[in-house]
Amino acid sequence: MAADVAVAVAATPATSAARPRKTLRALVRRASVIGAGTVLALTVGAALFAPWIAPYDPNAINLGHALNAPSAAHWFGTDQLGRDVLSRVIFGGRMSLFIAACVVTLAGLGGTLAGIMAGYRGGWVDNVVMRFAEIQYALPPVILALVLVSVLGPSTTNIILVITLANWARFARVIRAEAISLRHRDFVLLARLSGAPPWRIVLTHILPNVRATLIVLLTLDIGLIIILEATLSFLGLGIQPPDPSWGTMIAEGRGYLERAWWTSLLPGAALLLTVLAANIIGDSLGNRRGAPEGEA
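Reading the sequence shown from the start, the letters are residues 0 to 295 in numbering that gives the first Met the number 0.
Right, dumping it as structure tokens:
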């Protein structure tokens, strides 16, 4: 008895000292999530209302004001053709988020359906889907995208198609693992015994239980897609001039870094903050994933 009391007393200071650290970590994590949500909301809002928010036409050339430093007239300065950098950053974000939304929808839908079919049905369906996924994984997404865009040509539609093909396998592999686990759960076995058709089991039992994982994947994939699109644009295979793109702006401004740092640095900062915000939100959602639904 005395030994138990001594152990409890000795453990109390350590536990008390650990509480402030846990509280501090929780506050920092919460502040980072709030900050990331704010950045993402501002980016999405600016993209949606770009024609009304942008102070200038993003493609308007004014050689008399080329490479002007940031000022009250041009908050982000101007580029080598006198175009307003802030306006181009806003419209560049509009294009990046549009492509990310299209790719996330297509890759998420296609990858989820393929993963559920592979995991739930198994057999030859699983083998076929996973072989295609392994073929896609054999090449890094950037290399695969570069090859496909080089063949198909650079256009917005082709970029969306190419990035979708480079990202669907990630969804398929993760969702397949979830579907395999759910296939052997009691509520799925009971649904089978009751004579429910496979499509109803998938819609009412499998799909709702992979929803949390899918949301996390979708959020994390936004940052990857934005980076991939910016990489293609930086290499000249993405959004074509004069349409603004963060990757194109970084590429065009790299030759003026010594005397006009804002032409590359500010679009790069917008890209970095948006991707970082999306990743923080995705990590937060991943940490908050609850227990599977449908077992009640």
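We treat Cβ as the ideally placed atom computed from N, Cα and C, and that holds for glycine.
Burial is judged here by how many other beta carbons sit within 10 angstroms of a residue's own beta carbon; Glu228 has at least 16 and is buried. Asp282 sits in a helix when the DSSP states are folded into three classes. Restricting attention to beta strand (DSSP E) runs no shorter than 3 residues, the segment 88 to 152 encloses none. When only Cα atoms are considered, Ile179 and Arg191 end up about 15 Å apart. Taking a 10 Å sphere around the C-beta of Glu251, we find 16 or more other C-beta atoms and assign the residue as buried. In terms of Cβ geometry, Leu223 and Pro140 form a close pair [threshold 9 Å]. In the structure shown, the three-state DSSP call for Asp185 is helix. The alpha helix (DSSP H) runs of length 4 or more contained entirely in the segment 36 to 79 are, from start to end of the chain, 49 to 52.
Here DSSP, grouped into helix, strand and coil, assigns Asp220 to helix. Between Ala46 and Leu189, the alpha-carbon positions lie close to 47 Å from each other. Inter-segment contact for the segment 269 to 283 and the segment 108 to 123 is absent: fewer than three beta-carbon pairs are separated by less than 8 Å. Taking 4 residues as the shortest admissible run, the segment 191 to 277 contains the following complete alpha helix (DSSP H) segments, listed from N- to C-terminal end: 197 to 200, 206 to 233, 245 to 252.
In the DSSP assignment, Asn157 falls within the alpha helix (DSSP H) that extends over 155 to 164.
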